[in-house]
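Here is the structure we will look at, set down as structure tokens.
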Amino acid sequence: MTEALPYRSTPVFDQDTLPAALRTRHNTKAGVWGVIRVLEGELKLTYLAPPSELLLTPATPGLIEPQQPHFVTPMGKVAMRVDFYDQPPPC
1 MTEALPYRST PVFDQDTLPA ALRTRHNTKA GVWGVIRVLE GELKLTYLAP PSELLLTPAT
61 PGLIEPQQPH FVTPMGKVAM RVDFYDQPPP C
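According to UniProt numbering, the residues represented by the sequence shown are 1 to 91, in order.
Structural data, given as structure tokens:
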């Protein structure tokens, strides 16, 4: 089986350009996984169901399951992007 590749990636966002939609509750669609990749700095990922938090760094990406409600919070200076997959991604 070949490794899953993202079918789409967001632009790279920083603490100033990170869209408000990503900073508030949202979720991926059915059948879509997201991987939040921090390129610089730290980003707090808050999962709402089940409730938990994860500190993302360049060494620690954040996996978003299909339809999993979540939001992110920059922890100072940050650069990040989201890769989207149509099958479970490698993290």
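Each residue gets a CB set at the ideal place from its N, CA and C atoms; glycine is no exception. These numbers come from a predicted model, not from an experiment.
Here Ala79 carries a strand assignment [DSSP, helix/strand/coil].
Take Cys91, set aside five residues on each side of it, and the residues of its chain with a beta-carbon closer than 8 Å to its own are Val35, Pro61, Leu63, in chain order.
With respect to the C-alpha of Arg37, the residue from Gln87, Pro6, Asp86 having the closest C-alpha is Pro6.
DSSP, read as helix, strand or coil, puts Leu55 in strand. If you check the CB distance, Arg81 and Val12 come in under 8 Å.
In this structure, DSSP gives Leu45 an extended state, which the three-state scheme calls strand.
When DSSP reads this structure, Leu63 sits in a beta bridge with Val35.
Assigned with DSSP and collapsed to three states, Arg8 falls in strand.
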